[in-house]
Amino acid sequence: MIKNLWQNRRSVILSWLLSYLSILLLPILISVFVYQESSKALEGEIHRANEALLSQVRENIDNQLDSITRLNSEITWHTKVQDLMFTDKLGKNDYQFSLYQIVQELRKFKTPYAQITNYYVYYSPGDVVLSPEVMRSSKEMYDEFHKDSAFSYEAWMAMLHNQYSGFIPLTYRDERGSTRQSIAYVTHLSSKEKEKPEGTVVIYIDSDKLLHAVQNVQLFNGGEVLLLDQENRALLSSKGETYKEQDSETYFIHSKFPGLTYVTTVPSNLVWQKAIKVRNFTIFSIFLSIFGGGLLTYFFLRRNYNPISRIVQTFRDKSDVSIDTGHNEFQFIQHMISNTLTEKEQVNVRLMQQNYLLRSNFMTRLLKGRLENQISLEDSLTAYRMQFDNEYFAVLLFYVEANDVFFDTINGSETDKLKLLQFIVTNVVEEIINTKHTGYMTEMDDMLACIINFNSKGRDEDLSELRQIASQAQQFLKNKYKIDLTVSISSVHTSIAGITSAYKESVDAMEYKLILGDKEILSFDEIRKETLADITDGYYYPLQLEQHLINFMKIGDYDKAKEALDDIIERNLKNNPISVSLARCLMFDLVSTMVKALHEIGDVLNVSHVMSLERIEKLTECESIQDMHVQLTRMLKEVCDITLDKRKSNQLQSRQNELDELSQSMIDYIREQYHNVNLNITMIGDRFQMRPTYLSRLFKEQTGEGLLDYINKVRIEKAKELIMNQKLTMHEISTLVGFSESNTFIRTFKKHEGVTPGKFKEISVHLS
82 MIKNLWQNRR SVILSWLLSY LSILLLPILI SVFVYQESSK ALEGEIHRAN EALLSQVREN
142 IDNQLDSITR LNSEITWHTK VQDLMFTDKL GKNDYQFSLY QIVQELRKFK TPYAQITNYY
202 VYYSPGDVVL SPEVMRSSKE MYDEFHKDSA FSYEAWMAML HNQYSGFIPL TYRDERGSTR
262 QSIAYVTHLS SKEKEKPEGT VVIYIDSDKL LHAVQNVQLF NGGEVLLLDQ ENRALLSSKG
322 ETYKEQDSET YFIHSKFPGL TYVTTVPSNL VWQKAIKVRN FTIFSIFLSI FGGGLLTYFF
382 LRRNYNPISR IVQTFRDKSD VSIDTGHNEF QFIQHMISNT LTEKEQVNVR LMQQNYLLRS
442 NFMTRLLKGR LENQISLEDS LTAYRMQFDN EYFAVLLFYV EANDVFFDTI NGSETDKLKL
502 LQFIVTNVVE EIINTKHTGY MTEMDDMLAC IINFNSKGRD EDLSELRQIA SQAQQFLKNK
562 YKIDLTVSIS SVHTSIAGIT SAYKESVDAM EYKLILGDKE ILSFDEIRKE TLADITDGYY
622 YPLQLEQHLI NFMKIGDYDK AKEALDDIIE RNLKNNPISV SLARCLMFDL VSTMVKALHE
682 IGDVLNVSHV MSLERIEKLT ECESIQDMHV QLTRMLKEVC DITLDKRKSN QLQSRQNELD
742 ELSQSMIDYI REQYHNVNLN ITMIGDRFQM RPTYLSRLFK EQTGEGLLDY INKVRIEKAK
802 ELIMNQKLTM HEISTLVGFS ESNTFIRTFK KHEGVTPGKF KEISVHLS
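Residue numbers are given in our numbering: position 146 of the sequence shown equals residue 227, and the series is strictly consecutive.
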């Protein structure tokens, strides 16, 4: 069997055998893993249980030890004890009385501290021990409490005279004479002047009482609890003898009292007893899995391979293809099925491509009204899987604006990017429309057209919903894919034949993108109601306005020229809307004006530069009036820059001299004719045969003063001379200097001099 499997090692039966064995191996590995994790978990639980129990022990015993420290504080800081320790009373009259008082005070602590076994105060200078019962010498105290114990008198005295303070283990004799273990808390009282302690406070608590406080804490059988001091001496033990540390688990926790540590030890065999049971159970389950899994593997291997064998034999009988030695049965079946599906898919793709092209061609003819009569409309709709359930139709046109941001995020050729963009727009629009109505998209003359068949019956409601659909599609494509659209909407028609009219309306509405701007929603009904009704038969651009624009360009005044250009465009396209064709004519008329300005200054060479064929083509390709406005503004800036440079280069010194001579002639003429009442800008213009407005502007450019201001200035100067040198009335003076009315003379005089003529005369007389 093994030999046959090796010869047919590409066969699926070998793969299945290995798969089943792998599956069989999985529970074995899981069992091993579970054993390891359960052992760790069991050990962790034991650790946590012992730590929890040890925490309870610490809490109970610390509470007992806390009573010792409280009693110690009360005795130590008792006023009579402090008075005895730090006042030299030895040999004085009140010495014995002080000792008696302290004994009486110590008796008062027995009731509140009943758990305390014994306590006393040792006074070193008098070698006397004060206890609640009686006052005695140190030797008598030792004989009563510690004689016949392992604690010698010398060791006891060393404890009383030593500076060490804290908990220590001690043995003592109880009232029955039995030796008992206890924990003593020793505190020494010393003054600053003396090195040795003046006295010592010793408090005993029975170890059995401490152990009794934790008897309800159940530890593992065979375990031990120890209380160690800072030198690791056992102050308290739950067993009479020290426990051996080998083959045991040890846990410890610190007491709240410095230097004390609680320790518990548990035999290792107790820890691993349950783990051994888990290990034995795991080994048994592994052997059971191997035996049972082997039998099931053999059974299912034979049962599952029979259908595969029959399928392979069927393919062999139906085709000339045989199993390659490098493939197994599944790969052979997959290869045969894949070939069949591939052939079917290729057929479906060709059918879908042909159906898509035919459907696009049908929708194009339907929109343009060029349907053939050989095939009925119902049959065509059925063939292209199109269904119209209502008699209300409309057409939406989508023009995709420049979308460089979208194209930058996509890899591939420009054609692929464009196809992807059209695919996205088509699917988004159809999904939005088909939630309530029925919509079909197709490509039409660089735009995407959508035929909408409404499910509702209200024309006004349908038009409102068309705008909502267009707005929703615009916002979604803009926010999600950074695709900008201009959408035109037709009106609602009530038959399939009206689809052609709806398409023409949407095309007409799309043309107004030139005027209303791109990335907008252009509704044919709104344009027809609000705009077309107000459109005139021409546009406003008279010769006078053109001449003003030419003059501004000739002198290179870009700001005024731009203001005039903006005014022309705003007046024709906003205040007085015109048609799309007239808007284009106006644009080219403005271009012609720029050409005239360049010709008038004699700069023919720059005409071909500014008005190049590339510029004209870019202007004709503009998709909105805003774009045309931008292009015309750029061209206007170049023309103004050229004319300004030309004007500066042609402004020679001879021309300047002529202007200076003309200005001087006007000044001389004004000084000769200042008394003439009729002297004004018109009279001066007639004298020098020039337009009055031009002459006034020329005079101001050369002298910095207005012509009328200068005439009045000369008249006021002559009037001041007459006021100062002659005795004439103001009326006579005003007449002599050319003013027809005295009031005009007075007002003009005050404007130039800041005072009236009469006031000026008074000042002049006063100064003279």
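Glycine residues also receive a C-beta, built at the ideal position from the N, C-alpha and C atoms.
Taking the alpha carbon of Val818 as the point to measure from, which residue in Glu225, Lys517, Lys794 has its own alpha carbon closest?
As a first step, residue 818 must be located in the sequence shown, where it is residue number 737. By alpha-carbon distance to Val818, the top candidate from Glu225, Lys517, Lys794 is Lys794.
Straight-line gap, Gln770 to Phe826 (C-alpha atoms, nearest Å):
As a position in the sequence shown, residue 770 is number 689, starting the count at 1. As a position in the sequence shown, residue 826 is number 745, starting the count at 1. Gln770 and Phe826 have their C-alpha atoms spaced approximately 29 Å apart.
Just reading off the beta strand (DSSP E) that Ile577 is part of, what are its end residues?
Along the sequence shown, read from residue 1 onward, the residue named residue 577 stands at position 496. Boundaries for Ile577: no beta strand (DSSP E) harbours it, and the DSSP string shows neither H nor E there.
Give me the residue from Arg257, Glu256, Met240, Ser259 with the minimum Cα distance to Pro851.
This structure gives no information on residue 851, because the portion of the chain shown stretches from 82 to 849.
For Leu292, which of helix, strand or coil comes out of DSSP?
The sequence position of residue 292 within the sequence shown is 211, counting from 1. It is helical.
Determine the contact status of Val184 and Val306, defining contact as a CB-CB distance below 8 Å.
In the sequence shown, residue 184 corresponds to position 103, counting from 1. In the sequence shown, residue 306 corresponds to position 225, counting from 1. In this structure, Val306 does not lie closer than 8 Å to Val184 by Cβ.
Sub-8 Å separation of Thr281 and His293 beta-carbons
For the purposes of this step, residue 281 is taken as residue 200 along the sequence shown, with counting starting at 1. For the purposes of this step, residue 293 is taken as residue 212 along the sequence shown, with counting starting at 1. Contact: no.
Measure the CB-CB distance between Ser154 and Gln196 and report whether it falls below 8 Å.
Your numbering for residue 154 matches position 73 in the sequence shown. Your numbering for residue 196 matches position 115 in the sequence shown. Taking 8 Å as the Cβ cut-off, Ser154 and Gln196 do not qualify as a contacting pair.
Leaving out five residues on either side along the sequence, give the residues of the same chain with a beta carbon under 7 Å from the beta carbon of Thr157.
The sequence position of residue 157 within the sequence shown is 76, counting from 1. Closer than 7 Å at the Cβ level, and outside the excluded window around Thr157, lie Thr268, Leu270, Val282.
Please tell me whether Leu477 and Val568 are closer than 8 Å, where the distance is taken between their beta carbons.
Against the sequence shown, residue 477 aligns to sequence position 396. Against the sequence shown, residue 568 aligns to sequence position 487. For Leu477 and Val568, yes; Cβs fall inside 8 Å.
Three-state class that DSSP yields for Cys703 in the structure shown
Here residue 703 refers to the residue found at position 622 of the sequence shown. Collapsing the DSSP output to three states places Cys703 in coil.
Spatial neighbours of Lys563 within its chain, please: C-beta separation below 6 Å, excluding the five flanking residues on both sides.
Locating residue 563 in the sequence shown gives position 482, counting from the first residue. Same-chain partners within the cutoff: Val486, Phe487.
Determine whether the beta carbon atoms of Phe605 and Leu529 lie at a separation below 8 Å.
In the sequence shown, residue 605 corresponds to position 524, counting from 1. In the sequence shown, residue 529 corresponds to position 448, counting from 1. Going by C-beta atoms, Phe605 is not nearer than 8 Å to Leu529.
Run the CB neighbour count on Gly207, radius 10 Å, all protein chains shown included, and call it buried at 16 or more, exposed below.
Position 126 of the sequence shown, counting from 1, holds the residue named residue 207. By the neighbour-count rule (16 or more Cβ atoms within 10 Å), Gly207 is buried.
State yes or no: is the C-beta of Thr213 within less than 8 Å of the C-beta of Leu187?
One-based indexing of the sequence shown puts residue 213 at position 132. One-based indexing of the sequence shown puts residue 187 at position 106. For the sequence presented, residue 213 should be read as Pro rather than Thr. Yes, these two residues count as a Cβ contact at 8 Å.
Between the CA atoms of Leu341 and Ser349 - distance to the nearest angstrom
By 1-based counting over the sequence shown, the position of residue 349 is 268. By 1-based counting over the sequence shown, the position of residue 341 is 260. Cα to Cα, the separation comes out at about 25 Å.
Could you spell out the range, first to last residue, of the alpha helix (DSSP H) harbouring Gly766?
Taking the sequence shown and counting its residues from 1, one reaches residue 766 at position 685. Looking at the DSSP string, the run of the alpha helix (DSSP H) that includes Gly766 is 762-769.
Local Cβ density within 10 Å of Tyr324, reported as buried at 16 or more and exposed below that:
Residue mapping note: residue 324 aligns to position 243 of the sequence shown, counting from 1. Confidence at Tyr324 is low in this model, with a pLDDT of 47, below 50, so its placement is unreliable and the value that follows should be read with caution. Looking at its Cβ environment, which holds 16 or more other Cβ atoms inside 10 Å, Tyr324 is buried.
Return helix, strand or coil for Thr829, following the three-state DSSP convention.
For the purposes of this step, residue 829 is identified with residue 748 of the sequence shown, where counting begins at 1. The answer is helix: DSSP assigns Thr829 an H, G or I state.
Would you tell me roughly how many angstroms separate the C-alpha atoms of Ser845 and Asn761, rounded to the nearest one?
To locate residue 845, count along the sequence shown from 1; it is residue 764. To locate residue 761, count along the sequence shown from 1; it is residue 680. So the two alpha carbons sit approximately 30 Å from each other.
Grab the span of the beta strand (DSSP E) containing Tyr204 for me, first residue to last.
The residue you call residue 204 lines up with position 123 of the sequence shown. Residues 199-204.
8 Å Cβ cutoff met for His833 and Ile792:
Taking the sequence shown and counting its residues from 1, one reaches residue 833 at position 752. Taking the sequence shown and counting its residues from 1, one reaches residue 792 at position 711. Not closer than 8 Å, so no.
Could you tell me whether the segment 113-130 touches the segment 253-266, where touching means 3 or more Cβ pairs closer than 8 Å?
Cβ pair count under 8 Å is below three, so no.
Going by DSSP in three states, Gly375 sits in which element: helix, strand or coil?
Within the sequence shown, the letter at position 294 stands for residue 375. In the structure shown, Gly375 sits in a helix (DSSP, three-state: H, G or I).
Does DSSP put Asn653 in a helix, in a strand, or in coil?
As a position in the sequence shown, residue 653 is number 572, starting the count at 1. Asn653: helix per DSSP, three-state reduction.
Rounded separation between Gly835 and Asp726 - CA only
Walking along the sequence shown from the start, residue 835 turns up at place 754. Walking along the sequence shown from the start, residue 726 turns up at place 645. Rounded to whole angstroms, Gly835 to Asp726 spans 43 Å at the Cα level.
In this structure, does DSSP put Ala315 in helix, strand or coil?
Here residue 315 refers to the residue found at position 234 of the sequence shown. The answer is strand: DSSP assigns Ala315 an E or B state.
Between the segment 629-645 and the segment 665-681, are three or more C-beta pairs nearer than 8 Å?
At 8 Å Cβ cutoff, the stretches touch.
Is there contact between the segment 505-517 and the segment 571-578, where contact requires at least three CB pairs shorter than 8 Å?
In short, these stretches do not touch, since the Cβ pair count stays below three.
Cβ contact (3+ pairs, closer than 8 Å) linking the segment 492-506 and the segment 540-551:
The segment 492-506 is not in contact with the segment 540-551.
Considering only their Cβ atoms, is the gap separating Ser288 from Leu317 smaller than 8 Å?
Translated into the one-based positions of the sequence shown, residue 317 becomes position 236. Translated into the one-based positions of the sequence shown, residue 288 becomes position 207. A contact, by the Cβ cut-off of 8 Å.
Tell me which same chain residues have a C-beta within less than 7 Å of the C-beta of Met238, skipping the five on either side of it?
Taking the first residue of the sequence shown as 1, we reach residue 238 at position 157. The beta carbon of Met238 sits closer than 7 Å to those of Ser219, all from its chain and outside the five residues before and after it, given in chain order.
In the DSSP assignment, what residue or residues form a beta bridge with Glu305?
Along the sequence shown, one-based indexing puts residue 305 at 224. In the DSSP assignment, Glu305 forms a beta bridge with Thr346.
Runs of 4 residues minimum, wholly inside the segment 142-188: which ones carry the alpha helix (DSSP H) assignment?
Runs found: 160-167, 176-188.
Can you list the alpha helix (DSSP H) stretches of 4 or more residues lying completely in the segment 90-137, in chain order?
Entirely contained in the segment 90-137, not one alpha helix (DSSP H) run reaches 4 residues.
Return the bridge partner residues of Arg217 from the DSSP annotation.
Looking up residue 217 in the sequence shown gives position 136. Its beta-bridge partners are Val210.
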